[in-house]
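One structure below.
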Amino acid sequence: MAFTFFFRDLDPLTHAVRFLMNAASGRSRVRIWDAGCAMGQEPYTLAILLAETMNPFAFRNVQIFATDYDAPLLETLKESVYPWDELQRIPTELFQKYFQPAEKEGHFRLVDLIRQCIQPSLHDLLTFKPIRDGFSLIVCKNVMLHFQPPQRVEVIRMFHGALEPGGIFVTEHTQKMPGEASHLFEQLVSGCQVFRKSEATT
């Protein structure tokens, strides 16, 4: 389930950031949950997109809760050191701005500005319990395809409950919203799995 490189499948993340900026204007805190973050390429990509979109003061109030059930994968996220072959899709100006050489040859580390907004922790989605509530955005990509259909429905219900009113949910383009959960979210972008939480109850 590992997310293998940075800046992969950018369209849904870019749309999510745009909707998030509209909803988060004037808020003191923006909380995001990247569920199934693997080695951290996805939450760090999201953090870079937000850093480029928000003013520096507002970005300091962003918290990205990055969770996975695999402890060794989370260790890579915590170290925030990656080989060059995982970074090649990053635009040159962003790579130069947000990465610095690591001790190991051919590897690079995220700068502190990006690292500091990530809060990694162990979490198993199949407990069907969120790590907290009040999220503005939840991203869960390339994870639910490994679950049975009833499990997917329960996980999506959990995400609905963990989002704040009008919160955004993003999944991969191949993951269709199950019929049993379709009343919980409104699709925001045609052909892209970006959804807004509806007022329906689970």
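Using my numbering, read the sequence shown as starting at 14 and increasing by one per residue. Ideal Cβ positions, reconstructed from N, Cα and C, are used throughout, including at glycine.
Exercise for the section: Tell me, please, whether the region 105-113 touches the region 166-180 by the rule of three or more beta-carbon pairs shorter than 8 Å. Expected result: no
Exercise for the section: Check each candidate in Thr58, Ile77, Leu150 and name the one with the smallest Cα separation from Ile181. Expected result: Leu150
Exercise for the section: Apply the 10 Å Cβ neighbour rule to Gln101 and answer buried if 16 or more other Cβ atoms are within range, or exposed otherwise. Expected result: Note on Gln101: under 16 other CB atoms within 10 angstroms of its CB, so exposed under the neighbour-count rule.
Problem - Cα-Cα separation between Ile299 and Lys210, rounded to whole angstroms - result: A question about residue 299 goes unanswered here, because the residues of the chain that appear run from 14 up to 215.
Problem - the region 45-64 / the region 72-83 touching (three or more Cβ pairs under 8 Å) - result: yes
Practice task
Let me know the secondary structure DSSP gives Phe118 once reduced to three states.
Solution key: The sequence given here has Glu at residue 118, not Phe. Looking at Glu118 - three-state DSSP - the assignment turns out to be coil, as it is neither helix nor strand.
Exercise for the section: Decide yes or no for the touch test of the region 178-197 against the region 155-170: beta carbon pairs closer than 8 Å, at least 3 of them. Expected result: yes
Problem - Glu177: first and last residue of the uninterrupted beta strand (DSSP E) it sits in - result: 176-183
Practice task
Name the one or two DSSP bridge partners that Asp24 has.
Solution key: For Asp24, which the question treats as bridged, DSSP gives no partner whatsoever.
Exercise for the section: Note down, one range per segment and in chain order, each beta strand (DSSP E) of at least 3 residues found wholly within the region 23-78. Expected result: 43-48
Practice task
Compute the distance between the beta-carbons of Lys142 and Val183, then report whether it is under 8 Å.
Solution key: no
Problem - Three-state class that DSSP yields for Lys210 in the structure shown - result: strand
Practice task
Might you give, ordered along the chain, the residues of its own chain that have their beta carbon closer than 7 Å to the beta carbon of Gln188, omitting 5 neighbours on each side?
Solution key: Met157, Leu158, Gln206
Problem - Exposure label - Ala64; buried when at least 16 CB within 10 Å - result: buried
Problem - Reduced DSSP category for Val166 - H, G, I as helix; E, B as strand; rest coil - result: helix
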